[in-house]
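To start, the structure itself, in structure tokens.
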Amino acid sequence: MPLVSLGDLAQSTMLRRNMGLIKTQMDVLSQEMATGVSADVTRKTAADLGPLHALDNRLAQLEGFYAATTELELMAAGQQAALGVIDGFATTLAPQLLSAAAGSQPGSLSAIGDDGEQKFKAAISALNTRAGDRSLFAGMATDRSPLPDGETILQALETAIGTLATAEDVRLAVSAWFDDPAGFGALYQGQGVLAPVAISQGETAELTVTAQTDGIRETLKGFAMAALVDRNQPGPALEGRAQLAKLAGQQLLNSQSARSEVAARLGVAEQQIAAAQSRNSAESTALEIARSKIVAVDPMETASRLDEASTQLELIYAITARMSRMTLSDYL
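Its first residue numbered 1, the sequence shown is counted upward by one per residue in the UniProt record's numbering.
In structure tokens:
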């Protein structure tokens, strides 16, 4: 059996310790080769971590701006899409109402009244749209829909205006109800407008469109009057219903400019958000490059050190193997 002296044991222990150190060094160097980043930033920066911390803080701030602008962008796009749907309904329905009014045919008036009711309900559904878990047209009350369903609103409107004598009376009553805080305003479940959101350094953006915005309410007035054409307003007489259809068509046409103003306001916010995203992205890229220069390792130097460590490890393996094969005769 081989004889191992105390000196051999000490040497073997030293070799194993060196082997462990070199393996650890190789692991670190392999990581640095794979990531291109120093595993010991303190050593790499000579313990001057101030610039690195400043860069990290700014990058974290830009990450916050990215989250804010992404959410605002989604909400603005959702609002713009809903407004597009409502405007499409109004643009299609207005000439049809005027045509039905000119023809004064009972069937046509009933059909256009039914179509008006469906479009009113669809417009309310568009205003109750959500983006993710946030309501789009409820202002700060993003946790709930701003309005009840369209049928509930129409029933409340009919109860409020009662039975009126002329189409003009209906128009005035509908307009007053939608403008009344105790009328349409009482059914609105939103709250104010969204607070301004920081989208870049020293810059905020805000989305101020709600289901109570003037351009939207003016359009809903036209849809509501169209719906009432098939609900015996102002009574069942053909002439009154035809006149109401005409007034509804005119209301939808007249509210076009108000809808365009709302869409333009949203468009300005979208452009502002997009510009901020572009600036933030460019700055983030520049800062990431600057940070990488601070913490990056020289790939050639790292590869050379890794090769050197590998050679040392192979040498230790060779020495260990030779020692394990030594016999008394070899020693003597």
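From the three backbone atoms N, C-alpha and C, an ideal C-beta is built for every residue, glycine too.
All values derive from a computational prediction rather than experimental measurement.
Contacting residues, own chain, Cβ-Cβ under 8 Å from residue i (five flanking each side not counted)
{"i": "residue 335", "result": "Because the chain spans 1 through 332 in this model, residue 335 falls outside it and cannot be assessed."}
{"i": "LEU6", "result": "Because LEU6 sits at a pLDDT of 42, beneath the cut-off of 50, its placement in the model cannot be relied upon, and the point is left open."}
Alpha-carbon spacing of residue i relative to residue j, whole angstroms
{"i": "PRO234", "j": "LEU154", "result": "15 Å"}
{"i": "residue 336", "j": "LEU187", "result": "Summary: the structure shown does not reach residue 336, with the chain confined to residues 1 through 332, and so no result is reported for it."}
{"i": "GLY64", "j": "ASN232", "result": "55 Å"}
{"i": "LEU109", "j": "VAL229", "result": "7 Å"}
{"i": "VAL85", "j": "ILE216", "result": "12 Å"}
{"i": "VAL165", "j": "GLN243", "result": "Note that residue 165 is Ala in the sequence shown, not Val. Rounded to whole angstroms, ALA165 to GLN243 spans 12 Å at the Cα level."}
{"i": "ASP149", "j": "GLN277", "result": "36 Å"}
{"i": "ARG17", "j": "GLU203", "result": "58 Å"}
{"i": "GLN256", "j": "SER99", "result": "18 Å"}
{"i": "GLY222", "j": "ILE199", "result": "37 Å"}
{"i": "GLN251", "j": "ALA227", "result": "13 Å"}
{"i": "THR70", "j": "ASP143", "result": "19 Å"}
{"i": "GLY249", "j": "THR91", "result": "9 Å"}
Cβ shell of residue i (< 6 Å), same chain only, five flanking positions each side left out
{"i": "ALA275", "result": "none"}
{"i": "LEU59", "result": "LEU287"}
Nearest residue (CA-CA) to residue i, options the options
{"i": "GLU239", "options": "PRO106, SER284, ASN57, GLN79", "result": "PRO106"}
{"i": "ILE280", "options": "THR13, ARG17, ALA68, ALA54", "result": "The question names Ile, yet the displayed sequence has Asn at residue 280. With distances taken between Cα atoms, ASN280 lies closest to ALA68."}
{"i": "GLU73", "options": "GLN272, SER284, GLU308", "result": "GLN272"}
{"i": "LEU157", "options": "ALA245, GLY185, MET140", "result": "GLY185"}
{"i": "ILE112", "options": "MET300, LEU266, ALA224", "result": "ALA224"}
{"i": "ALA77", "options": "GLN250, PHE89, GLU168, VAL209", "result": "VAL209"}
{"i": "SER260", "options": "THR70, GLN80, ASP56, GLN61", "result": "GLN80"}
{"i": "ALA54", "options": "SER284, GLU308, LEU315", "result": "SER284"}
{"i": "VAL174", "options": "ALA138, THR152, ARG134, GLU218", "result": "GLU218"}
{"i": "GLY50", "options": "GLU308, ARG291, LEU315", "result": "ARG291"}
{"i": "LEU147", "options": "ILE161, ALA167, PHE120", "result": "PHE120"}
{"i": "VAL262", "options": "GLN212, GLY116, ALA245", "result": "GLN212"}
Chain-order list of residues whose beta-carbon lies under 7 Å from that of residue i (same chain, five-residue window excluded)
{"i": "ALA126", "result": "ALA82, VAL85, ILE86"}
{"i": "ALA122", "result": "PHE89"}
{"i": "THR129", "result": "GLY78, ALA82, LEU136"}
Residue i, DSSP secondary structure in three states
{"i": "SER200", "result": "strand"}
{"i": "GLN61", "result": "helix"}
{"i": "SER104", "result": "coil"}
{"i": "SER278", "result": "helix"}
{"i": "ALA131", "result": "strand"}
{"i": "THR13", "result": "helix"}
Within the segment 249-274, ranges of the alpha helix (DSSP H) (whole runs, at least 4 residues): none
Uninterrupted alpha helix (DSSP H) stretches inside the segment 173-235 (no shorter than 4 residues): 184-187, 214-228
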